[in-house]
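In the numbering used here, the protein residues as written are 309 to 451.
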Amino acid sequence: MREMAAEELLEAVEEEKRLQHELFRTLLPKDEADERDCILEVRAGTGGEEASLFAMDIFKMSGGCSCFAGSNVCCDPWSVLSTNFILLCYRYEKYSQNNGWKFDTIDIMESAVKGYKEASGTISGSGVYGKLKFESGIHRVQV
Numbered sequence: 309m310r311e312m313a314a315e316e317l318l319e320a321v322e323e324e325k326r327l328q329h330e331l332f333r334t335l336l337p338k339d340e341a342d343e344r345d346c347i348l349e350v351r352a353g354t355g356g357e358e359a360s361l362f363a364m365d366i367f368k369m370s371g372g373c374s375c376f377a378g379s380n381v382c383c384d385p386w387s388v389l390s391t392n393f394i395l396l397c398y399r400y401e402k403y404s405q406n407n408g409w410k411f412d413t414i415d416i417m418e419s420a421v422k423g424y425k426e427a428s429g430t431i432s433g434s435g436v437y438g439k440l441k442f443e444s445g446i447h448r449v450q451v
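Written out as structure tokens, the structure is:
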């Protein structure tokens, strides 16, 4: 009886995975642009010099400096930004390495305290736009 229940549980778990995959495929249909490269832009918003330092951190996480060469935007495009930048940077770097993407800096406009007022870069590789097309919005440090 236990063996039958364990077998049914295994089948149910496999069916759940299959249905989840089917649901995601249905809700997010393939776009012709999904295989294209993209351009990342990061701008400091309201907050003065502190905002420019945060913008610099975000851009560096994305691969815009030598310490994260070859990185892309994020480990998990839907993850929530936290103030633990070491963990977040590591996750961003690992995601790009796993996908084999390339990051090239286009332009950086520094602020007075060596943060970034604006920064942009190209991200190229297989399926870049498809993975990152929902990355947008305002990210901020919350204390």
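A virtual CB, placed ideally from N, CA and C, is assigned to each residue, including glycine.
- Each of 340, 313, 345, 419 was checked against the Cα of residue 431, and the nearest Cα belongs to 345.
- With fewer than 16 other Cβ atoms inside 10 Å of its own Cβ, residue 325 counts as exposed.
- Nearest C-alpha to residue 438 among 408, 333, 338: 338.
- In terms of Cβ geometry, residue 428 and residue 348 form a close pair [threshold 8 Å].
- Each of 365, 417, 407 was checked against the Cα of residue 435, and the nearest Cα belongs to 407.
- Shown here for residue 412: same chain residues with a beta carbon closer than 7 Å to its own, the five before and five after excluded, namely 429, 430 in chain order.
- Under the 10 Å beta carbon count, residue 364 is surrounded by 16 or more other beta carbons and is classified as buried.
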